[in-house]
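**Student:** My questions all concern the structure below.
Structure (structure tokens):
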């Protein structure tokens with residue numbers, strides 16, 4: 036049954052956030068500098084200007100155990116963290132930077148929900164590992180990893196990845212209160228759902244510079260393993276662990292260990308750069 040009060044609340048919220056103007060690149064820089072000086076008005080302006088971005092991101096997680104209103108609330112927490120940590124000298128627009136923080140906050144809330152519905156312990160652990168691996172790959176690839184890439188990284192089948200994702204869906208879908216005999220539709224909540232989020236693909240020059248900086252802090256062998264494993268040079272397909280092991284002259288297990296250690300280092304480096312998509316403290 037449609038929850039009318041939820042529908043009304045969401046419509047009211049969307050009308051409210053649509054009143055705020057988006058910021059230009061110059062205005063973002065000005066706000067960021069003011070925020071660094073403790074300007075609360077500038078902080079609130081930056082938050083308000085990006086509330087619609089949170090809704091757009093939250094929509095992509097509908098049907099995974101939390102109603103849209105909760106997803107938006109969690110996303111707003113991530114947005115506030117992004118506002119606190121944004122440095123305009125990093126070279127990207129705020130929306131690009133904030134997207135990572137919003138996603139992290141939303142995904143963690145979904146993971147916590149999975150725990151509250153008493154999933155089997157081994158499934159909950161796999162969910163945690165799935166998010167963990169997804170974060171690792173996102174930090175390297177600067178895009179959402181495919182199911183095949185996640186499966187290869189976790190050492191399980193693509194079908195198992197699909198099952199894990201599907202098991203996070205509960206019977207109370209967030210879609211329920213968005214379908215009604217009235218005229219209110221998903222189109223009223225956000226712009227074109229097929230349009231890319233600003234954080235889906237970083238500007239090429241920014242991406243290359245960021246990745247080169249992080250990779251340069253790894254050992255030569257770690258760099259080689261990651262470049263081959265994820266085709267970072269874009270010169271061919273990703274190599275298997277076995278193929279890399281044969282190429283370098285070590286065992287498959289040793290390559291896996293090098294990969295894990297390299298990803299651990301990258302996560303620390305991206306955390307230092309305030310671009311973590313993993314745990315945010």
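In my numbering, the protein residues as written are 36 to 316.
All C-beta atoms, glycine included, are put in the ideal place defined by N, C-alpha and C.
Looking at C-alpha atoms only, which residue of 175, 128 and 98 is the closest neighbour of residue 141?
**Tutor:** Checking every option, the nearest Cα to that of residue 141 belongs to 98.
**Student:** Leaving out five residues on either side along the sequence, give the residues of the same chain with a beta carbon under 7 Å from the beta carbon of residue 118.
**Tutor:** So the list reads 70, 78, 81 and 82, once near-sequence residues are dropped.
**Student:** Just reading off the alpha helix (DSSP H) that residue 72 is part of, what are its end residues?
**Tutor:** First-last for residue 72: undefined, no H or E at that position.
**Student:** If contact is defined by three or more beta carbon pairs under 8 Å, each pair taking one atom from either stretch, is the region 119-131 in contact with the region 93-110?
**Tutor:** Segments in contact, no.
**Student:** Please work out which residues of its chain come closer than 7 Å, Cβ to Cβ, to residue 93, disregarding the five sequence neighbours upstream and downstream, and give them in chain order.
**Tutor:** Hits under 7 Å: 103, 106, 107, 110 and 141.
**Student:** If the criterion is Cβ atoms closer than 8 Å, does the pair residue 137 and residue 113 meet it?
**Tutor:** Yes, the pair counts as a contact, with Cβ atoms nearer than the cut-off.
**Student:** Leaving out five residues before and five after residue 199 in sequence, what residues of the same chain have Cβ atoms less than 8 Å from its Cβ?
**Tutor:** Contacts found: 158, 161, 162 and 165.
**Student:** Ordered along the chain, which non-local residues of its own chain (more than five positions away) have a Cβ less than 7 Å from that of residue 274?
**Tutor:** Excluding positions up to five away in sequence, the list reads 263 and 264.
**Student:** Which of helix, strand or coil does DSSP assign to residue 213?
**Tutor:** Because residue 213 carries a pLDDT of 31, less than 50, the predicted location of this residue cannot be relied on, and the following value inherits that uncertainty. Helix at residue 213.
**Student:** Once DSSP output is grouped into helix, strand and coil, what is the label at residue 253?
**Tutor:** It is coil, neither helix nor strand.
**Student:** Where does residue 55 fall in DSSP's three states?
**Tutor:** Residue state, collapsed to three classes: coil.
**Student:** Does DSSP put residue 274 in a helix, a strand or coil?
**Tutor:** Correct three-state label for residue 274: coil.
**Student:** Quick one: give me the first and last residue of the alpha helix (DSSP H) that residue 183 is part of.
**Tutor:** 182-189 is the extent of the alpha helix (DSSP H) around residue 183.
**Student:** Using only CA atoms, which one of 84, 68, 60 and 73 lies nearest to residue 54?
**Tutor:** Nearest of 84, 68, 60 and 73 to residue 54, Cα basis: 84.
**Student:** Closest by CA to residue 292, which one among 303, 249 and 277?
**Tutor:** Nearest option by C-alpha distance: 277.
**Student:** In this structure, how does DSSP classify residue 198 when only helix, strand and coil are distinguished?
**Tutor:** Correct three-state label for residue 198: helix.
**Student:** Just verifying my parser: in three-state terms, what is the DSSP assignment at residue 98?
**Tutor:** Coil.
**Student:** Return helix, strand or coil for residue 141, following the three-state DSSP convention.
**Tutor:** Helix, per DSSP.
**Student:** Could you check where the alpha helix (DSSP H) with residue 109 kicks off and where it finishes?
**Tutor:** Element bounds for residue 109: 103-120.
**Student:** With a threshold of 6 Å on Cβ separation, who are the neighbours of residue 67 within its own chain once the five nearest residues in sequence on each side are excluded?
**Tutor:** Here the set comprises 121 and 123.
**Student:** Does DSSP put residue 162 in a helix, in a strand, or in coil?
**Tutor:** Helix, per DSSP.
**Student:** If you run the structure through DSSP and keep just helix, strand and coil, what is residue 85?
**Tutor:** Residue 85: coil per DSSP, three-state reduction.
**Student:** Quick check: what's the CA-CA separation for residue 280 versus residue 167?
**Tutor:** In a straight line, the C-alpha of residue 280 is about 24 Å away from that of residue 167.
**Student:** Do residue 301 and residue 175 have their beta-carbon atoms positioned less than 8 Å apart in this structure?
**Tutor:** Contact: yes.
**Student:** Going along the chain, which residues of its own chain have a beta-carbon closer than 6 Å to the beta-carbon of residue 250, five neighbours each way excluded?
**Tutor:** Once the five neighbours on either side are set aside, the close Cβ partners of residue 250 are 258.
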